[in-house]
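Novice:
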Amino acid sequence: MTEYTGLEIAVVGMAGRFPGSSTVDEFWDNVLAGEAGVRRFTDEELDAAGVSVQRRAEPGFVPMGGALDGIEFFDAKLFGYSPRDAAVLDPQQRVFLECAWHALEHAGHLGGGREVGVYASASVDTYLLRHLWGNPAVPGGLQPLDLLLANDKDTLASRVAYHLDLTGPAITVQTACSSSLVTIHVACQALLGHDCDIALAGGVSIRPPVHEGYQHTEGGILAADGRCLPFDAAAHGVVAGNGVAAVVLRRLEDALADGDTIHAVVKGTAVNNDGASKVGFTAPSVTGQARVIRAAHDLSEVDSSTIGYVEAHGTATPLGDPIEVAALTQAFVHPPQACALGSVKALIGHLDAAAGVAGFVKAALAVREGVVPPSPYFTEPNPETGLPDSPFFVNREPAPWPLDGPRRAGVSGFGMGGTNAHAVLEEPPSPEPMPPTRSRHLVVLSAASEKALQESRERLAARLAEGGQELADVSYTLRTGRKALRHRLAAVVGAEVVDDLSEAWTGSGDRRDVVFLFPGQGSQYAGMAAQLTAEEPVFKAALDECAALLPFDLHEVLADADRLTRTEFTQPALFAVEYSLAKLWEHWGVRPSAMLGHSVGEYVAACLAGVFSLPDALELVTARGALMGALPGGAMLSVPLGADQLELPEDVSLAASNAPNLSTVAGTFEAIERFEKTAGVACQRLHTSHAFHSAMIDPMLGEFTALVSRIELRAPRIPFISNVSGTWITAEEATDPGYWARHARAAVRFSEGLTTLITEPVTVLEVGPGNVLTTLARQHDLRGGAALGSLRHPREDKHDLDTMLAAAGRMWIAGVPVDLGALTADERRRRIPLPGYPFERARHWIDLPGTAPRPIEVVEVLPQPAELVLPQGDLAVVTGIWQELLGIARIGPDDDYFELGGHSLLATQILARITAELQVTLPAGAIFEAPTPRRLAARIDELRDDQPEQDDEFARLLAEIRDMSPEELRAELDRERDAQEISQS
Numbered sequence: 001m002t003e004y005t006g007l008e009i010a011v012v013g014m015a016g017r018f019p020g021s022s023t024v025d026e027f028w029d030n031v032l033a034g035e036a037g038v039r040r041f042t043d044e045e046l047d048a049a050g051v052s053v054q055r056r057a058e059p060g061f062v063p064m065g066g067a068l069d070g071i072e073f074f075d076a077k078l079f080g081y082s083p084r085d086a087a088v089l090d091p092q093q094r095v096f097l098e099c100a101w102h103a104l105e106h107a108g109h110l111g112g113g114r115e116v117g118v119y120a121s122a123s124v125d126t127y128l129l130r131h132l133w134g135n136p137a138v139p140g141g142l143q144p145l146d147l148l149l150a151n152d153k154d155t156l157a158s159r160v161a162y163h164l165d166l167t168g169p170a171i172t173v174q175t176a177c178s179s180s181l182v183t184i185h186v187a188c189q190a191l192l193g194h195d196c197d198i199a200l201a202g203g204v205s206i207r208p209p210v211h212e213g214y215q216h217t218e219g220g221i222l223a224a225d226g227r228c229l230p231f232d233a234a235a236h237g238v239v240a241g242n243g244v245a246a247v248v249l250r251r252l253e254d255a256l257a258d259g260d261t262i263h264a265v266v267k268g269t270a271v272n273n274d275g276a277s278k279v280g281f282t283a284p285s286v287t288g289q290a291r292v293i294r295a296a297h298d299l300s301e302v303d304s305s306t307i308g309y310v311e312a313h314g315t316a317t318p319l320g321d322p323i324e325v326a327a328l329t330q331a332f333v334h335p336p337q338a339c340a341l342g343s344v345k346a347l348i349g350h351l352d353a354a355a356g357v358a359g360f361v362k363a364a365l366a367v368r369e370g371v372v373p374p375s376p377y378f379t380e381p382n383p384e385t386g387l388p389d390s391p392f393f394v395n396r397e398p399a400p401w402p403l404d405g406p407r408r409a410g411v412s413g414f415g416m417g418g419t420n421a422h423a424v425l426e427e428p429p430s431p432e433p434m435p436p437t438r439s440r441h442l443v444v445l446s447a448a449s450e451k452a453l454q455e456s457r458e459r460l461a462a463r464l465a466e467g468g469q470e471l472a473d474v475s476y477t478l479r480t481g482r483k484a485l486r487h488r489l490a491a492v493v494g495a496e497v498v499d500d501l502s503e504a505w506t507g508s509g510d511r512r513d514v515v516f517l518f519p520g521q522g523s524q525y526a527g528m529a530a531q532l533t534a535e536e537p538v539f540k541a542a543l544d545e546c547a548a549l550l551p552f553d554l555h556e557v558l559a560d561a562d563r564l565t566r567t568e569f570t571q572p573a574l575f576a577v578e579y580s581l582a583k584l585w586e587h588w589g590v591r592p593s594a595m596l597g598h599s600v601g602e603y604v605a606a607c608l609a610g611v612f613s614l615p616d617a618l619e620l621v622t623a624r625g626a627l628m629g630a631l632p633g634g635a636m637l638s639v640p641l642g643a644d645q646l647e648l649p650e651d652v653s654l655a656a657s658n659a660p661n662l663s664t665v666a667g668t669f670e671a672i673e674r675f676e677k678t679a680g681v682a683c684q685r686l687h688t689s690h691a692f693h694s695a696m697i698d699p700m701l702g703e704f705t706a707l708v709s710r711i712e713l714r715a716p717r718i719p720f721i722s723n724v725s726g727t728w729i730t731a732e733e734a735t736d737p738g739y740w741a742r743h744a745r746a747a748v749r750f751s752e753g754l755t756t757l758i759t760e761p762v763t764v765l766e767v768g769p770g771n772v773l774t775t776l777a778r779q780h781d782l783r784g785g786a787a788l789g790s791l792r793h794p795r796e797d798k799h800d801l802d803t804m805l806a807a808a809g810r811m812w813i814a815g816v817p818v819d820l821g822a823l824t825a826d827e828r829r830r831r832i833p834l835p836g837y838p839f840e841r842a843r844h845w846i847d848l849p850g851t852a853p854r855p856i857e858v859v860e861v862l863p864q865p866a867e868l869v870l871p872q873g874d875l876a877v878v879t880g881i882w883q884e885l886l887g888i889a890r891i892g893p894d895d896d897y898f899e900l901g902g903h904s905l906l907a908t909q910i911l912a913r914i915t916a917e918l919q920v921t922l923p924a925g926a927i928f929e930a931p932t933p934r935r936l937a938a939r940i941d942e943l944r945d946d947q948p949e950q951d952d953e954f955a956r957l958l959a960e961i962r963d964m965s966p967e968e969l970r971a972e973l974d975r976e977r978d979a980q981e982i983s984q985s
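Position 733 (the sequence shown) corresponds to 733 in the numbering used here; numbering is contiguous.
This is how it looks when you write it as structure tokens:
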């Protein structure tokens, strides 16, 4: 069992793309197989890289390297770039941006909520130097500042922070070949200093053209045959590679507390510089390297004898390898019995600024898996290294860990110029068991497009089919660790069985308000919400609070079908369940913009709105039920006619207007029986004990009014609809005891209330048992909104959570701000690695000058109609300018500038062009106020209308002036001046 110092850092997420592998998992597979990503380039690749036939024939030319394929492709739409801007963005910047997204997803921390710092490094930008500078293929209209911002290494970390909305420090670190390992050191220090709670650290090195090969020179550092063989007798240099990697780091105590998946533990890191004690600026130093390794051991409080593997810098150069082994031997004060050496450069080449993080990822995977990675190229040690006389060895095959005790590894990165870095890693602690406490789980996905959402669904379904994941953890990770994008999916899954998610709900919606509907008497059933009581602590706490205020055992009543038929029990029990449901929804972040109750359901709305306190509300509802229960029995009848279609005798009252073609009437048993026989339509008796909302209620009204008069009534804080009027309740009504007496007697104007309530698309949520009000709501015009229930119907064979979670998921899809993390806030869950986002990459690239050009990929950002009507007039001019400067072939009149990838700098160019072409000066904020071509063209018309009209004579004079040559104009002005002088004399 390892002992922690309290200064450890957990590695909780990783992502990367390397030569020969597009993910970290593929990379590890290649490492174990000894599969090299360095390869020979094809003639077609060399042609595209601009390598002439003559150069290929030169002595020493090596057509090999560690290429990263697909660097010209980028999901510009996801990150808000227009095709024009994407084409000039440094591929290092865009590839690192995607890698950062995947790393935070892998960690389960892309969803925000904590201070995340970014520490990043990049190599020199050869895309700017080789592809863009002086290239006529670069899109027009770009300013020098545009190219600078798109290609300067200084913006690397800040760009990630901006696009991923990360609010911790964003620092670009540059120390040559050790850069990305130094970013990890800086990130660890920032976490220990509480500059951030989560740190993303890594580097990228992409030096296009990546299929160019290189020229070997005798005595140089580049290998003659395209093979990098660290510590081998045949070693003769390094090979260049391209790649990207990033790791997500947290303080170990925080990672353990939050249930993060921990891949490795950073025991300590150190950074130093060689200073001047070496033969030259670019030369390595035994002393400098040994000092930084020893410092890392000391800071880690780790005995060097316990380290079983070192991921070396390992450049395979005649000078570098012997110095590195000498430094290791010197630094390991207590040599281990055996310590393996390896270098990832043998497989993927030297990744320059990304070399350190690539080695770090390899070492982290080694300590996690307990496997010493192989070096299959190795034949015999370089005699200059002295390996046979040291504790270090190079293994050709994957090997078990050479030492007992916690698995520990070192990682070295040495920068040209002398900045050295070393990290000590240890195997992760065993995860704590976290059994689920709920029987149902909400699984959610989102994407920027329907296509990407479908791909995400397929990837997740494939992962779930493999098994091995706790579905509670899958749900938790997806709910809390991902960004919520426009196109969404939600599904409710059980504890063990999950299908292919084909039955999941999908859709996209704008942010919609939620209206709570509270059902009245008749919707209750024995056992309602029993499963929620067992599994949802917030619901149970609210229900228990209500139970403590009632004169009977609420939990017994909820389970007793007989007592739930008696009004004195039904109404307070129904109130308690609905109130508790509302509190659970509130806990889940769903708060109503307005409410409507049906009969006794209005008391729940009033209580939530603050008209009654909870104790007072329960006292009133209990008294109301008791007074009604003491009255003579009566009957109620559902009639398939609207309230305005009914012709009622004097002894039958309208009890409820429920829908445009559905009403309820009430009266004595005899009166209702007579009415039913003569109604002329098929009616249905309701299972009620009394004739509520009829003249039979009158005897209780005086006593009930007196009771309400003793209660403190307050103006509502949340708007709700009055059953009495079918419109918004006023403060005067809500605080009038007489209103609540009239409410018991008057017809329930539910249909009118719903019509008042829904003037725009909203989500209607029935907060109570069953689906009576949901069914009624669907008989109205919901204006594109949805009606959802909270609890199952008594005849439905499903769990309470099936209905609740389905409603939560569907509201989230519609755009309601559901707090998905709150769904399981009371239990500890684990964030686990799940399939990453399927970027929809398109080619955004400027080819090398002199090579066969390929057009910039045009992405139709928004769907267009089948037959596009060509714009005319000002709209045509505006649209044409947008298309040119955004680099998009077709733009519709209602496409949004910012969704197309526009930004403020480009907006100034667009406005300048419009002013020049249409002779109308637009204010600086015009595009922000009118962000579509149609609205901007309309704004131009408004500005023209505001300009004073010129009279015909003035227009004629202007026309004459325009037709004059400069000499004629000067002569005419001289004549006018002479005429004025004569007239004045």
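The beta carbon of each residue, even a glycine, is placed where N, CA and C say it ideally should be.
1. Out of Phe569, Glu253 and Thr126, which has the shortest C-alpha to C-alpha gap to proline 1003?
2. Let me make sure I understand the geometry here. Which of Cys177, Leu192 and Gly268 has the alpha-carbon closest to that of alanine 283?
3. Thinking just about the alpha-carbon of each residue, which of Arg624, Ala623 and Tyr603 is nearest to the one in leucine 614?
4. Below 8 Å between beta carbons: does that hold for glycine 821 and arginine 479?
5. Return the CA-CA distance between glycine 873 and alanine 937, expressed in angstroms with no decimal places.
6. Specify the secondary structure class of phenylalanine 704 as computed by DSSP and reduced to three states.
7. Go ahead and label lysine 362 buried or exposed: buried means 16 or more other beta carbons lie within 10 angstroms of its beta carbon, across all protein chains shown.
8. Is the beta carbon of proline 406 less than 8 Å from the beta carbon of glutamate 427?
9. Spell out a yes or no on whether the region 771-787 and the region 532-552 are touching, meaning 3 or more CB-CB pairs, one atom from each, closer than 8 Å.
10. Among the residues of its own chain, which have a CB less than 7 Å from the CB of glutamate 45, if the five just before and after it don't count?
11. At which residues does the alpha helix (DSSP H) containing arginine 368 begin and terminate?
12. Looking at the unbroken alpha helix (DSSP H) that takes in cysteine 177, where does it start and where does it end?
13. Is arginine 830 buried or exposed, if buried means 16 or more other CB atoms sit within 10 Å of its CB?
14. Across which residues does DSSP place arginine 39 in a beta bridge pair?
15. Please indicate yes or no: does the CB of leucine 453 lie closer than 7 Å to some heavy atom of the ligand PLP?
16. Identify every run of the alpha helix (DSSP H) within the region 476-560, keeping only runs that are complete inside it and at least 4 residues long; order them along the chain.
17. What number of angstroms, rounded off, separates the C-alpha of aspartate 85 from the C-alpha of leucine 147?
18. DSSP three-state label for histidine 297, please.
19. Using 8 Å as the cut-off, can you tell me whether the region 610-626 makes contact with the region 788-795, which would need three or more C-beta pairs spanning the two stretches below that distance?
20. Below 8 Å, can you find three or more Cβ-Cβ pairs linking the region 153-172 to the region 94-106?
21. Using the rule of at least 16 other Cβ atoms within 10 Å of the residue's Cβ for burial, across every protein chain shown, is glycine 702 buried or exposed?
22. Nearest-angstrom Cα distance between alanine 504 and valine 493?
23. Quick one: residues in its chain with C-beta nearer than 6 Å to the C-beta of arginine 94, no 5 flanking neighbours on either side, listed in chain order?
24. Is there contact between the region 505-524 and the region 842-850, where contact requires at least three CB pairs shorter than 8 Å?
25. May I have a chain-ordered list of the beta strand (DSSP E) segments no shorter than 3 residues that lie completely inside the region 765-809?
26. Ignore the nearest five residues each way along the sequence and tell me which others in alanine 814's own chain have a CB closer than 6 Å to its CB.
27. Hey, how far is the Cα of proline 699 from the Cα of methionine 628?
28. Report the option in Trp588, Glu311 and Gly140 whose CA atom is closest to the CA atom of valine 816.
29. Which residue spans inside the region 299-340 form an unbroken alpha helix (DSSP H) run of at least 4?
30. Secondary structure at threonine 269, three-state DSSP: helix, strand or coil?
31. Here's the rule I'm using: 16 or more other beta-carbon atoms within 10 Å means buried, otherwise exposed. How should phenylalanine 516 be labelled?
32. Is DSSP giving alanine 399 helix, strand or coil here?
33. Nearest to aspartate 389 by alpha carbon, out of Gly597, Gln337, Ala49 and Leu489?
34. If you follow the beta strand (DSSP E) that glutamate 426 is in, where does it begin and where does it stop?
35. Are the Cβ atoms of alanine 255 and alanine 10 separated by less than 8 Å?
36. Buried or exposed for phenylalanine 281, going by 16 or more other Cβ atoms inside 10 Å?
Specialist: This is what the structure gives:
1. The chain is shown only over 1 to 985; residue 1003 falls outside these bounds and no answer can be derived.
2. Cys177
3. Tyr603
4. yes
5. 9 Å
6. helix
7. buried
8. yes
9. no
10. His211
11. 355-369
12. No alpha helix (DSSP H) holds cysteine 177; DSSP gives it neither H nor E.
13. buried
14. Gly65
15. Of the ligands one can find in the structure shown there are none, so the ligand PLP has no counterpart to examine.
16. 530-535, 537-547 and 554-558
17. 9 Å
18. helix
19. no
20. yes
21. exposed
22. 10 Å
23. Phe74
24. no
25. 786-789
26. Gly509, Arg512 and Thr763
27. 9 Å
28. Trp588
29. 320-331
30. strand
31. buried
32. strand
33. Gln337
34. 419-426
35. yes
36. exposed
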